[in-house]
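Here is the structure we will look at, set down as structure tokens.
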Amino acid sequence: MKILTILGARPQFIKAGSVSRAIKNYNTQITNNQSPITEIIIHTGQHYDSNMSDIFFEQMKIPKPDYFLGIGGKSHGAMTGQMCEKIEEVALKEKPDWIMVYGDTNSTLAGAIVASKLHIKLAHIEAGLRSFNMQMPEEINRILTDRISNILFCPTDTAVKNLKNEAFDKFNCKIINSGDVMFDGAMFYKNLAVKPNINLTDNYILCTIHRAENTDDETRLKNIFKALNEIAEKKQIILPLHPRTKQKLKDTNILITNNKLTIINPIGYLEMVWLIDNCSLVMTDSGGLQKEAYFFKKQCITLRDETEWVELVENGFNTLVGANKKTILETYKQVTNTPITNNQYTNLYGKANASDKIIKELIEYYD
């Protein structure tokens, strides 16, 4: 069996690394009457990341891409169209049994379109997620990709319910609750985590802000940083600052008024895992970091108006605060220094074996 994996951003490589390791493990255990799995990886280049050097792949124990398309920095339409053209060329050459895509990027949609047009079976990992905000490009990408997939690997019960509510069980596709490959990765990388070379106090807060709905709205951005400055009067906040957010702060004259609001440059994933594992609280507008906070049993304050990970909110592990200063401060007082206990923790995202389940389902699909 040959799988063509389509990736476009560093987080997707980290997720896909778990499945690649599962493929490697499967190939080492097969008997003489079983065929090995070949994985061909395409990096579309959607998000150029200078941190993704050869050292990155070695440290993260991730296979290097077989193809690099170098398509990025364009409009949504131009980017997706050029990706379709180049991915199709590779697919015709490699003749895979499956095309595998992750999440909700333009790379994901392009890979899905190629699979559909060439009648190659399509597997969508992280299927069924919904923000119910059709203004988000990611929402369009994930809905369209789900609709033309043969297997939908859902990370949660909620994702399965979303698909059934949209009548996906009436379509010619298979819906699987595989658990979350991010959970697989988090547990794997926990043992490889590296402490960053920064000055840290006890019980620091880890914060990230990068989403356009916050950075492109001056009022929202100012309210968030007013709240962060106030919180930093009592507790250190570590904020790895995305370059785009840094520029927005400069453009809008938003000041960091407290030196305990510690701005650092973007860091590697292994350092980020260490910071998550050792912090007292997470504040973020990132989708992935909401889950990673839960994986490491940390409360999360989400600086958004909605989230795809509604089960975290429903179970009391995550609180949506938008960009309202008063709400941010009130929520902080409620959840600070209240880590998730073992008794509270439930397997919302599986048991860190999603990648093995995915490979098993792909193999059994033809049986």
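Just so you know, we're using our numbering here: the sequence shown kicks off at 11 and counts up by one.
A virtual CB, placed ideally from N, CA and C, is assigned to each residue, including glycine.
Keep in mind the model is a prediction, meaning the values are calculated, not measured.
With three or more CB-CB distances shorter than 8 Å, the region 144 to 161 counts as touching the region 126 to 134. The continuous alpha helix (DSSP H) containing Met-282 extends over residues 279 to 288. Pro-73 has its alpha-carbon roughly 26 Å from the corresponding atom of Ile-186. For Tyr-36, the CB contacts under 7 Å within the same chain, skipping 5 residues up- and downstream, are Ile-47, Ile-369 in chain order. At a Cβ-Cβ threshold of 8 Å, Thr-329 and Val-345 count as neighbours.
The alpha carbon of Gln-257 has as its nearest neighbour, out of Ala-222, Lys-245, Asn-269, Leu-238, the alpha carbon of Ala-222. The alpha-carbon separation between Val-323 and Glu-99 amounts to approximately 43 Å. Per DSSP, the unbroken beta strand (DSSP E) holding Lys-184 starts and ends at 184 to 187. DSSP places Glu-99 in the helix class (H, G or I) of the three-state scheme. DSSP places Met-293 in the uninterrupted beta strand (DSSP E) bounded by 291 to 294. When beta bridges are read from the DSSP output, Asn-328 appears opposite Cys-310. If only uninterrupted alpha helix (DSSP H) runs of at least 4 residues are considered, those enclosed by the region 25 to 111 are 64 to 70, 86 to 104. Here Ser-365 is near Val-29, since their CB atoms are less than 8 Å apart.
For the 8 Å CB-CB criterion, Trp-319 and Lys-205 do not form a contact. Closest by C-alpha distance to Asn-116, out of Phe-67, Ala-303, Leu-154, Gln-309, is Leu-154. About 7 Å separates the beta carbon of Lys-301 from that of Tyr-359, a gap short enough to meet the 8 Å contact definition. Excluding the 5 residues flanking it on each side, Ala-237 has same chain C-beta neighbours closer than 6 Å at Lys-335, Ile-338, Leu-339, in chain order. Excluding sequence positions up to five before and after Asp-194, its CB lies within less than 6 Å of the CB of Ser-28, Ala-362, Ala-364, Ser-365, all in the same chain and listed in chain order.
Relative to Asp-76, the option among Glu-49, Gly-87, Thr-90, Lys-84 whose CA is nearest is Glu-49. DSSP places Leu-162 in no alpha helix (DSSP H) but in the uninterrupted beta strand (DSSP E) bounded by 161 to 164. DSSP lists Thr-48 as the beta-bridge partner residues of Lys-12. Counting the other CB atoms within 10 Å of its CB gives Asn-347 a total below 16, which places it among the exposed residues. Take the alpha-carbon of Ala-32 and the one of Ile-248: they are about 34 Å apart.
Excluding sequence positions up to five before and after Phe-306, its CB lies within less than 6 Å of the CB of Ile-286, Asp-287, all in the same chain and listed in chain order. Taking a 10 Å sphere around the C-beta of Met-144, we find fewer than 16 other C-beta atoms and assign the residue as exposed. When rounded, the separation of the alpha-carbon atoms in Leu-313 and Asp-227 is 13 Å.
For Ile-266, the secondary structure class from DSSP, reduced to helix, strand or coil, is coil.
Under the three-state reduction of DSSP, Lys-131 is assigned to strand. Between Ile-274 and Pro-250, the gap from beta carbon to beta carbon is short of 8 Å. By the beta-carbon neighbour count (other beta carbons within 10 angstroms, threshold 16), Gly-297 is buried. Rounded to whole angstroms, Ile-40 and Tyr-375 show a C-alpha spacing of 17 Å. The secondary-structure analysis by DSSP pairs Leu-17 across a beta bridge with His-53.
Between His-53 and Leu-79, the CB-CB gap stays under 8 Å. DSSP places Ile-368 in the uninterrupted alpha helix (DSSP H) bounded by 364 to 374.
Rounded to the nearest angstrom, the Cβ distance from Ile-109 to Gly-91 is 17 Å, too far for a contact under 8 Å.
Per the coordinates, the alpha-carbon of Asn-172 lies some 16 Å from the alpha-carbon of Glu-316.
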